[in-house]
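Right, one structure below, let's go through it.
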């Protein structure tokens, strides 16, 4: 019965103008079941007891990017509970980097597990009112910025506008996730 329902669901989605990427056979060689398993595992995976919320593909790509860019500072917008900031710090140490991690969220994270990670409070819609301008004025370069905030067009645009004034050639800003209606 479950197989029949899933088959009908997939056929229904073929009539929609925008299908979710994971159901579009022209955009992924991974099956629906595989993608669902990856997504489910992503939400369950923890690093140092904190949700990491990154899939294995993202984790592998981040390690390669960090190895290539060798950032002096990683700025994360959207801390959630701090798992990814701690993971970024550990990856940098494994690559023998002295990278500082600054993770900003509207709800500050209580965590002092890692001296290279600093959690600060701030709102993606008013980054200039946070500690970020002062941090950016004296941080070690190059920068790697990860925008993982509210996953809206407006939130991403706000972060892009703010960091446009601060990023230099060879530095990166990554926009994670998205809401299909906003894309």
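Numbering (our numbering), first residue to last: 4 to 186.
For every residue, glycine included, the Cβ atom is placed at its ideal position computed from N, Cα and C.
For this session: Could I get the ranges of all uninterrupted beta strand (DSSP E) runs contained in the stretch 58-121, with 3 residues as the minimum, in chain order?
Result: If we require 3 residues or more, the beta strand (DSSP E) runs fully inside the stretch 58-121 come out as 76-80, 103-108.
For this session: Quick one: grab the DSSP three-state call for residue 171.
Result: Translated into the one-based positions of the chain shown, residue 171 becomes position 168. If DSSP states are grouped into helix, strand and coil, residue 171 belongs with coil.
Exercise. Do residue 47 and residue 86 have their CB atoms nearer than 7 angstroms?
Worked result: Position 44 of the chain shown, counting from 1, holds the residue named residue 47. Position 83 of the chain shown, counting from 1, holds the residue named residue 86. Their beta carbons are not under 7 angstroms apart, which means residue 47 does not touch residue 86 by this criterion.
For this session: Measure the Cβ-Cβ separation of residue 77 and residue 110 and say whether it is below 7 angstroms.
Result: Counting from 1 along the chain shown, the entry for residue 77 is found at position 74. Counting from 1 along the chain shown, the entry for residue 110 is found at position 107. No; because the gap between Cβ atoms is not below 7 angstroms, this pair is not in contact.
Exercise. Distance, Cα to Cα, residue 34 vs residue 152?
Worked result: Walking along the chain shown from the start, residue 34 turns up at place 31. Walking along the chain shown from the start, residue 152 turns up at place 149. Near 28 angstroms, if we compare the C-alpha coordinates of residue 152 and residue 34.
Exercise. For the beta strand (DSSP E) that contains residue 149, what are its first and last residues?
Worked result: Along the chain shown, one-based indexing puts residue 149 at 146. Boundaries of the beta strand (DSSP E) harbouring residue 149: 146-150, taken from the DSSP string.
For this session: Please name the residue, chosen from 118, 145, 106, that lies closest to residue 130 on a Cα-to-Cα basis.
Result: Translated into the one-based positions of the chain shown, residue 130 becomes position 127. Cα-wise, what sits closest to residue 130 is 106.
For this session: Taking 7 angstroms as the cut-off, decide whether the C-beta atoms of residue 75 and residue 144 are in contact.
Result: To locate residue 75, count along the chain shown from 1; it is residue 72. To locate residue 144, count along the chain shown from 1; it is residue 141. Cβ atoms of residue 75 and residue 144: closer than 7 angstroms.
Exercise. Mind checking whether residue 92 and residue 117 have CB atoms under 7 angstroms apart?
Worked result: Along the chain shown, one-based indexing puts residue 92 at 89. Along the chain shown, one-based indexing puts residue 117 at 114. Yes, the Cβ-Cβ distance between residue 92 and residue 117 is below 7 angstroms.
Problem set entry | Option nearest residue 128 by Cα separation, candidates 68, 162, 79 | As a first step, residue 128 is located in the chain shown; it is residue number 125 there, counting from the start. The shortest CA-to-CA distance from residue 128 to any of 68, 162, 79 is the one to 162.
For this session: Please determine, among 95, 68, 173, 59, the residue with the shortest C-alpha to C-alpha distance to residue 198.
Result: Here the chain covers residues 4 to 186 and nothing more, so residue 198 does not appear.
For this session: Report yes if the C-beta distance between residue 150 and residue 178 is below 7 angstroms; otherwise report no.
Result: The sequence position of residue 150 within the chain shown is 147, counting from 1. The sequence position of residue 178 within the chain shown is 175, counting from 1. Yes.
Exercise. Which class does residue 51 belong to by DSSP, given the choice of helix, strand or coil?
Worked result: As a working mapping, residue 51 is identified with position 48 in the chain shown. Of the three classes helix, strand and coil, the one that applies to residue 51 here is coil, per DSSP.
Problem set entry | Pairwise C-alpha distance: residue 159 and residue 100 | Residue numbering aside, residue 100 sits at position 97 when the chain shown is read from its first letter. Residue numbering aside, residue 159 sits at position 156 when the chain shown is read from its first letter. Those two C-alpha atoms are separated by around 28 angstroms.
Exercise. Can you name, in chain order, every residue of its own chain whose Cβ lies under 7 angstroms from the Cβ of residue 72, other than the five neighbours on each side?
Worked result: Counting from one through the chain shown, the residue named residue 72 turns up at place 69. Cβ within range, chain order: 145, 147, 175.
Problem set entry | Cβ shell of residue 89 (< 7 angstroms), same chain only, five flanking positions each side left out | Along the chain shown, one-based indexing puts residue 89 at 86. Around residue 89: 50, 51, 53, 116, 117, 120.
Problem set entry | residue 32 burial status per 10 Å Cβ neighbour count (16 or more: buried) | Translated into the one-based positions of the chain shown, residue 32 becomes position 29. So residue 32 counts as exposed.
Exercise. Excluding sequence positions up to five away, which residues of its chain have a Cβ less than 7 angstroms from the Cβ of residue 173?
Worked result: As a working mapping, residue 173 is identified with position 170 in the chain shown. Closer than 7 angstroms at the Cβ level, and outside the excluded window around residue 173, lie 145.
Exercise. If we call anything under 7 angstroms between Cβ atoms a contact, is residue 108 one with residue 141?
Worked result: Sequence index remark: in the chain shown, residue 108 carries index 105 (1-based). Sequence index remark: in the chain shown, residue 141 carries index 138 (1-based). The answer is no: Cβ separation not under 7 angstroms.
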